[in-house]
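When we follow the numbering used here, the leftmost residue of the sequence shown carries the number 1001, and every step to the right adds one.
Let me begin by presenting the structure, written as C-alpha coordinates, before commenting on it.
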Amino acid sequence: MTDAVLAASKASIVKGSKSFRSASRLFEPEVREDAWLLYAWCRACDDEIDGQDHGFGHEELTVDEQKRRLERLYDMTRRAMTGEPMSDPTFAAFQRVALRHRLPERWAIDMIDGFRMDVEHHDYRTMDDVMAYCWHVAGVVGVMMARVMGVTDAEVLRRAQDLGLAFQLTNISRDVIEDAQGGRVYLPAAWLREAGVEPTPEAVAKPANRDAVHAVTRRLLEAAEPYYDSARDGLRGLPFRSSMAIAAARGVYREIGRKVARGGPGVWKQRVSVGRAMKLWLFGRGALIAIWTQVLDRGKAPPPRPALWTRV
1001 MTDAVLAASK
1011 ASIVKGSKSF
1021 RSASRLFEPE
1031 VREDAWLLYA
1041 WCRACDDEID
1051 GQDHGFGHEE
1061 LTVDEQKRRL
1071 ERLYDMTRRA
1081 MTGEPMSDPT
1091 FAAFQRVALR
1101 HRLPERWAID
1111 MIDGFRMDVE
1121 HHDYRTMDDV
1131 MAYCWHVAGV
1141 VGVMMARVMG
1151 VTDAEVLRRA
1161 QDLGLAFQLT
1171 NISRDVIEDA
1181 QGGRVYLPAA
1191 WLREAGVEPT
1201 PEAVAKPANR
1211 DAVHAVTRRL
1221 LEAAEPYYDS
1231 ARDGLRGLPF
1241 RSSMAIAAAR
1251 GVYREIGRKV
1261 ARGGPGVWKQ
1271 RVSVGRAMKL
1281 WLFGRGALIA
1291 IWTQVLDRGK
1301 APPPRPALWT
1311 RV
(Lines of atoms letter the chains of each structure in order from A and count residues from 1; the text may use other names and numbers.)
(Lines give C-alpha, C1' and ligand atoms only; values in the text may rest on other atoms or scores of the structure.)
Protein backbone atom coordinates (compact mmCIF):
# COMPACT_ATOMS: atom_id res chain seq x y z
CA MET A 1 0.00 0.00 0.00
CA THR A 2 1.30 3.44 -0.91
CA ASP A 3 2.28 5.58 2.07
CA ALA A 4 0.78 8.91 0.97
CA VAL A 5 2.34 10.90 3.82
CA LEU A 6 5.84 9.62 3.09
CA ALA A 7 5.35 10.10 -0.66
CA ALA A 8 4.32 13.72 -0.13
CA SER A 9 7.32 14.29 2.12
CA LYS A 10 9.70 12.81 -0.43
CA ALA A 11 8.20 15.02 -3.13
CA SER A 12 8.75 18.03 -0.90
CA ILE A 13 12.47 17.44 -0.47
CA VAL A 14 12.91 16.62 -4.16
CA LYS A 15 11.42 20.01 -5.01
CA GLY A 16 12.83 22.06 -2.17
CA SER A 17 16.44 21.06 -1.46
CA LYS A 18 18.92 19.52 -3.87
CA SER A 19 21.75 19.54 -1.35
CA PHE A 20 19.87 17.93 1.54
CA ARG A 21 18.13 15.47 -0.79
CA SER A 22 21.50 14.30 -2.11
CA ALA A 23 22.99 14.01 1.37
CA SER A 24 19.92 12.17 2.71
CA ARG A 25 20.60 9.27 0.34
CA LEU A 26 23.48 8.30 2.62
CA PHE A 27 21.20 7.72 5.63
CA GLU A 28 19.89 4.33 6.64
CA PRO A 29 16.42 3.93 5.03
CA GLU A 30 14.52 4.47 8.30
CA VAL A 31 16.50 7.59 9.17
CA ARG A 32 16.20 8.90 5.61
CA GLU A 33 12.41 8.58 5.65
CA ASP A 34 12.11 10.29 9.01
CA ALA A 35 14.40 13.08 7.76
CA TRP A 36 12.04 13.57 4.82
CA LEU A 37 9.05 13.77 7.18
CA LEU A 38 10.74 16.39 9.34
CA TYR A 39 11.93 18.37 6.32
CA ALA A 40 8.41 18.46 4.83
CA TRP A 41 7.02 20.10 7.97
CA CYS A 42 9.90 22.62 8.26
CA ARG A 43 9.60 23.54 4.58
CA ALA A 44 5.82 23.89 4.72
CA CYS A 45 5.95 26.14 7.79
CA ASP A 46 8.47 28.41 6.10
CA ASP A 47 6.46 28.55 2.87
CA GLU A 48 3.24 29.24 4.75
CA ILE A 49 4.61 32.45 6.26
CA ASP A 50 6.45 33.67 3.15
CA GLY A 51 3.69 32.82 0.69
CA GLN A 52 6.03 30.59 -1.30
CA ASP A 53 6.11 27.11 -2.79
CA HIS A 54 9.25 25.31 -1.64
CA GLY A 55 11.12 28.60 -1.52
CA PHE A 56 9.96 29.73 -4.96
CA GLY A 57 7.59 32.50 -5.97
CA HIS A 58 6.17 35.02 -3.59
CA GLU A 59 2.56 35.71 -2.67
CA GLU A 60 2.03 39.15 -1.21
CA LEU A 61 0.57 38.64 2.26
CA THR A 62 -0.66 41.26 4.68
CA VAL A 63 0.78 41.24 8.18
CA ASP A 64 -2.64 40.21 9.51
CA GLU A 65 -2.69 37.25 7.13
CA GLN A 66 0.83 36.25 8.14
CA LYS A 67 -0.19 36.39 11.81
CA ARG A 68 -3.28 34.29 11.10
CA ARG A 69 -1.14 31.68 9.35
CA LEU A 70 1.37 31.79 12.18
CA GLU A 71 -1.32 31.00 14.75
CA ARG A 72 -2.48 28.11 12.58
CA LEU A 73 1.05 26.69 12.58
CA TYR A 74 1.24 26.88 16.37
CA ASP A 75 -2.19 25.28 16.74
CA MET A 76 -1.72 22.47 14.20
CA THR A 77 1.76 21.64 15.50
CA ARG A 78 0.59 21.41 19.10
CA ARG A 79 -2.38 19.27 18.08
CA ALA A 80 -0.14 16.97 16.05
CA MET A 81 2.08 16.41 19.09
CA THR A 82 -0.90 15.31 21.18
CA GLY A 83 -1.54 12.44 18.77
CA GLU A 84 -4.75 13.89 17.36
CA PRO A 85 -5.43 12.41 13.89
CA MET A 86 -4.13 14.75 11.17
CA SER A 87 -5.68 14.96 7.70
CA ASP A 88 -3.11 17.51 6.51
CA PRO A 89 -0.13 15.48 5.17
CA THR A 90 2.37 18.09 6.40
CA PHE A 91 1.27 17.79 10.01
CA ALA A 92 0.68 14.05 9.70
CA ALA A 93 4.33 13.78 8.66
CA PHE A 94 5.50 15.85 11.59
CA GLN A 95 3.29 13.93 14.00
CA ARG A 96 4.77 10.64 12.88
CA VAL A 97 8.39 11.70 13.35
CA ALA A 98 7.76 13.77 16.50
CA LEU A 99 5.97 10.98 18.36
CA ARG A 100 8.34 8.27 17.16
CA HIS A 101 11.39 10.14 18.45
CA ARG A 102 9.74 11.92 21.38
CA LEU A 103 10.69 15.38 20.19
CA PRO A 104 10.02 17.96 22.91
CA GLU A 105 7.19 20.33 22.04
CA ARG A 106 9.37 23.31 22.97
CA TRP A 107 11.72 22.54 20.06
CA ALA A 108 8.88 22.61 17.55
CA ILE A 109 7.49 25.81 19.03
CA ASP A 110 10.96 27.36 19.05
CA MET A 111 11.17 26.85 15.29
CA ILE A 112 7.81 28.51 14.69
CA ASP A 113 8.93 31.35 16.97
CA GLY A 114 11.62 32.02 14.37
CA PHE A 115 8.95 32.66 11.77
CA ARG A 116 7.24 34.98 14.24
CA MET A 117 10.49 36.95 14.37
CA ASP A 118 10.23 37.41 10.60
CA VAL A 119 6.57 38.41 10.73
CA GLU A 120 7.28 40.95 13.47
CA HIS A 121 10.39 42.24 11.63
CA HIS A 122 12.76 41.84 14.53
CA ASP A 123 15.86 44.00 14.57
CA TYR A 124 19.19 42.21 14.85
CA ARG A 125 21.36 44.76 16.61
CA THR A 126 24.14 42.46 17.78
CA MET A 127 25.67 39.14 16.83
CA ASP A 128 23.91 37.60 19.82
CA ASP A 129 20.57 38.70 18.33
CA VAL A 130 21.52 37.04 15.04
CA MET A 131 22.53 33.82 16.79
CA ALA A 132 19.22 33.69 18.63
CA TYR A 133 17.42 33.90 15.28
CA CYS A 134 19.70 31.21 13.84
CA TRP A 135 18.74 28.93 16.73
CA HIS A 136 15.05 29.32 16.04
CA VAL A 137 15.17 28.68 12.30
CA ALA A 138 18.08 26.23 12.02
CA GLY A 139 19.86 25.30 15.25
CA VAL A 140 16.76 23.65 16.66
CA VAL A 141 16.29 21.79 13.38
CA GLY A 142 19.80 20.38 13.77
CA VAL A 143 18.91 19.16 17.25
CA MET A 144 15.68 17.55 16.04
CA MET A 145 17.54 15.86 13.19
CA ALA A 146 20.05 14.46 15.66
CA ARG A 147 17.21 12.96 17.67
CA VAL A 148 15.89 11.38 14.46
CA MET A 149 19.32 9.75 14.14
CA GLY A 150 18.95 8.32 17.63
CA VAL A 151 21.11 10.86 19.52
CA THR A 152 20.27 11.57 23.16
CA ASP A 153 23.71 12.61 24.46
CA ALA A 154 23.62 16.32 25.37
CA GLU A 155 27.12 17.02 24.08
CA VAL A 156 26.39 15.54 20.65
CA LEU A 157 23.11 17.49 20.53
CA ARG A 158 25.07 20.70 21.12
CA ARG A 159 27.33 19.84 18.19
CA ALA A 160 24.22 19.24 16.06
CA GLN A 161 22.94 22.64 17.13
CA ASP A 162 26.29 24.13 16.06
CA LEU A 163 25.93 22.74 12.56
CA GLY A 164 22.45 24.19 12.25
CA LEU A 165 23.77 27.57 13.40
CA ALA A 166 26.61 27.40 10.86
CA PHE A 167 24.18 26.49 8.08
CA GLN A 168 21.98 29.49 8.85
CA LEU A 169 24.91 31.91 9.01
CA THR A 170 25.85 30.60 5.55
CA ASN A 171 22.28 31.04 4.32
CA ILE A 172 22.22 34.63 5.57
CA SER A 173 25.49 35.35 3.78
CA ARG A 174 24.32 33.82 0.51
CA ASP A 175 20.96 35.61 0.56
CA VAL A 176 21.98 39.05 1.91
CA ILE A 177 20.89 41.09 -1.11
CA GLU A 178 17.81 39.00 -1.89
CA ASP A 179 16.66 39.33 1.73
CA ALA A 180 17.30 43.09 1.75
CA GLN A 181 15.29 43.49 -1.44
CA GLY A 182 12.49 41.66 0.37
CA GLY A 183 12.69 44.02 3.33
CA ARG A 184 14.78 41.89 5.73
CA VAL A 185 18.27 42.39 7.15
CA TYR A 186 19.91 39.67 9.25
CA LEU A 187 23.44 41.11 9.41
CA PRO A 188 24.20 42.62 12.84
CA ALA A 189 23.27 46.31 12.80
CA ALA A 190 26.35 47.15 14.88
CA TRP A 191 28.63 45.56 12.28
CA LEU A 192 26.94 47.38 9.41
CA ARG A 193 27.30 50.73 11.14
CA GLU A 194 30.99 50.01 11.79
CA ALA A 195 31.33 49.47 8.02
CA GLY A 196 29.54 52.73 7.28
CA VAL A 197 26.21 51.24 6.18
CA GLU A 198 22.87 52.00 7.77
CA PRO A 199 21.17 48.75 8.89
CA THR A 200 18.15 49.22 6.63
CA PRO A 201 17.04 47.03 3.73
CA GLU A 202 17.40 49.95 1.33
CA ALA A 203 20.99 50.67 2.37
CA VAL A 204 22.05 47.00 2.34
CA ALA A 205 20.54 46.46 -1.11
CA LYS A 206 22.10 49.64 -2.55
CA PRO A 207 24.78 48.76 -5.15
CA ALA A 208 27.04 51.57 -3.93
CA ASN A 209 27.32 49.82 -0.56
CA ARG A 210 28.18 46.41 -1.99
CA ASP A 211 31.87 46.47 -0.96
CA ALA A 212 31.04 47.30 2.67
CA VAL A 213 28.19 44.78 2.82
CA HIS A 214 30.47 42.07 1.46
CA ALA A 215 33.06 42.89 4.11
CA VAL A 216 30.43 42.46 6.84
CA THR A 217 29.29 39.22 5.22
CA ARG A 218 32.84 37.85 5.24
CA ARG A 219 32.96 38.67 8.93
CA LEU A 220 29.76 36.69 9.46
CA LEU A 221 31.20 33.73 7.56
CA GLU A 222 34.34 33.85 9.72
CA ALA A 223 32.06 33.67 12.75
CA ALA A 224 30.49 30.49 11.29
CA GLU A 225 33.80 28.60 11.09
CA PRO A 226 34.08 27.58 14.78
CA TYR A 227 30.57 26.15 14.55
CA TYR A 228 31.48 24.06 11.50
CA ASP A 229 34.58 22.84 13.38
CA SER A 230 32.54 21.98 16.46
CA ALA A 231 30.07 20.03 14.34
CA ARG A 232 32.88 17.87 12.95
CA ASP A 233 33.72 16.75 16.47
CA GLY A 234 30.13 15.58 16.87
CA LEU A 235 30.23 13.18 13.91
CA ARG A 236 31.69 10.37 16.03
CA GLY A 237 28.51 10.42 18.13
CA LEU A 238 26.30 9.54 15.15
CA PRO A 239 25.58 6.19 13.52
CA PHE A 240 28.06 5.61 10.69
CA ARG A 241 25.78 6.26 7.71
CA SER A 242 24.28 9.29 9.44
CA SER A 243 27.77 10.66 10.02
CA MET A 244 28.49 10.29 6.29
CA ALA A 245 25.31 12.17 5.36
CA ILE A 246 25.94 14.97 7.82
CA ALA A 247 29.60 15.27 6.84
CA ALA A 248 28.51 15.58 3.21
CA ALA A 249 25.93 18.28 3.95
CA ARG A 250 28.46 20.10 6.13
CA GLY A 251 30.97 20.14 3.29
CA VAL A 252 28.48 21.46 0.73
CA TYR A 253 27.19 24.29 2.91
CA ARG A 254 30.66 25.29 4.02
CA GLU A 255 31.71 25.50 0.38
CA ILE A 256 28.74 27.78 -0.38
CA GLY A 257 30.00 30.16 2.30
CA ARG A 258 33.52 30.00 0.97
CA LYS A 259 32.27 30.83 -2.54
CA VAL A 260 30.45 33.87 -1.16
CA ALA A 261 33.63 35.00 0.61
CA ARG A 262 35.83 34.42 -2.45
CA GLY A 263 33.38 35.93 -4.91
CA GLY A 264 33.78 39.52 -3.81
CA PRO A 265 31.08 42.20 -3.93
CA GLY A 266 29.76 40.92 -7.27
CA VAL A 267 28.98 37.45 -5.90
CA TRP A 268 25.26 38.17 -5.49
CA LYS A 269 24.61 38.70 -9.20
CA GLN A 270 23.28 35.15 -9.18
CA ARG A 271 22.42 32.66 -6.48
CA VAL A 272 25.54 30.92 -5.18
CA SER A 273 25.45 27.14 -5.43
CA VAL A 274 27.81 24.17 -5.61
CA GLY A 275 28.17 22.42 -8.97
CA ARG A 276 27.67 18.71 -9.44
CA ALA A 277 31.37 17.86 -9.79
CA MET A 278 32.34 19.81 -6.67
CA LYS A 279 29.40 18.32 -4.78
CA LEU A 280 30.54 14.78 -5.65
CA TRP A 281 34.06 15.63 -4.49
CA LEU A 282 32.71 17.08 -1.24
CA PHE A 283 30.56 13.99 -0.69
CA GLY A 284 33.62 11.80 -1.12
CA ARG A 285 35.60 14.00 1.25
CA GLY A 286 32.71 13.86 3.72
CA ALA A 287 32.78 10.06 3.58
CA LEU A 288 36.50 10.09 4.42
CA ILE A 289 35.92 12.49 7.32
CA ALA A 290 33.14 10.25 8.60
CA ILE A 291 35.37 7.17 8.38
CA TRP A 292 38.17 9.03 10.17
CA THR A 293 35.90 10.15 13.03
CA GLN A 294 34.13 6.78 13.29
CA VAL A 295 37.24 4.60 13.16
CA LEU A 296 40.23 6.60 14.38
CA ASP A 297 38.43 8.99 16.73
CA ARG A 298 35.80 6.63 18.12
CA GLY A 299 36.46 5.89 21.76
CA LYS A 300 38.44 9.08 22.20
CA ALA A 301 36.92 11.95 24.09
CA PRO A 302 36.20 14.82 21.68
CA PRO A 303 38.04 18.06 22.35
CA PRO A 304 36.17 20.41 24.66
CA ARG A 305 33.52 22.44 22.89
CA PRO A 306 34.71 26.05 22.58
CA ALA A 307 32.82 28.84 24.32
CA LEU A 308 30.27 29.17 21.54
CA TRP A 309 26.72 30.48 21.61
CA THR A 310 24.36 27.75 22.81
CA ARG A 311 20.73 27.08 23.61
CA VAL A 312 20.70 23.31 24.33
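Idealized CB from N, CA, C, for every residue including glycine.
Between the C-alpha atoms of A1208 and V1197 there is a straight-line separation of about 10 Å.
When only Cα atoms are considered, S1012 and L1038 end up about 11 Å apart. For Q1270, the secondary structure class from DSSP, reduced to helix, strand or coil, is coil.
Counting every other CB atom within 10 Å of its CB across the protein chains shown gives V1295 a total below 16, marking it as exposed. By the criterion of a C-beta distance shorter than 7 Å, P1089 is surrounded in its chain by A1004, V1005 and A1008, once the five residues flanking it on both sides are discounted. For Q1161, the enclosing alpha helix (DSSP H) begins and ends at A1154 to R1174. Counting only the Cα atoms, G1251 lies some 8 Å from R1285. Per DSSP, the continuous alpha helix (DSSP H) segment holding V1213 begins and ends at R1210 to R1232. Within the model, the alpha-carbon separation for K1206 versus V1216 is close to 14 Å.
Nearest Cα to S1230 within the set S1242, A1189, P1306 and R1271: P1306. Inclusion of G1083 and V1156 in the CB contact set at 8 Å is not warranted, their separation being larger than that value. For E1225, the closest C-alpha among the options A1212, G1237, A1247 and G1257 is that of G1257. Judged by DSSP in its simplified three-state form, H1136 adopts helix.
The distance from the Cβ of G1266 to that of V1272 is about 11 Å, inconsistent with a contact at the 8 Å cut-off.
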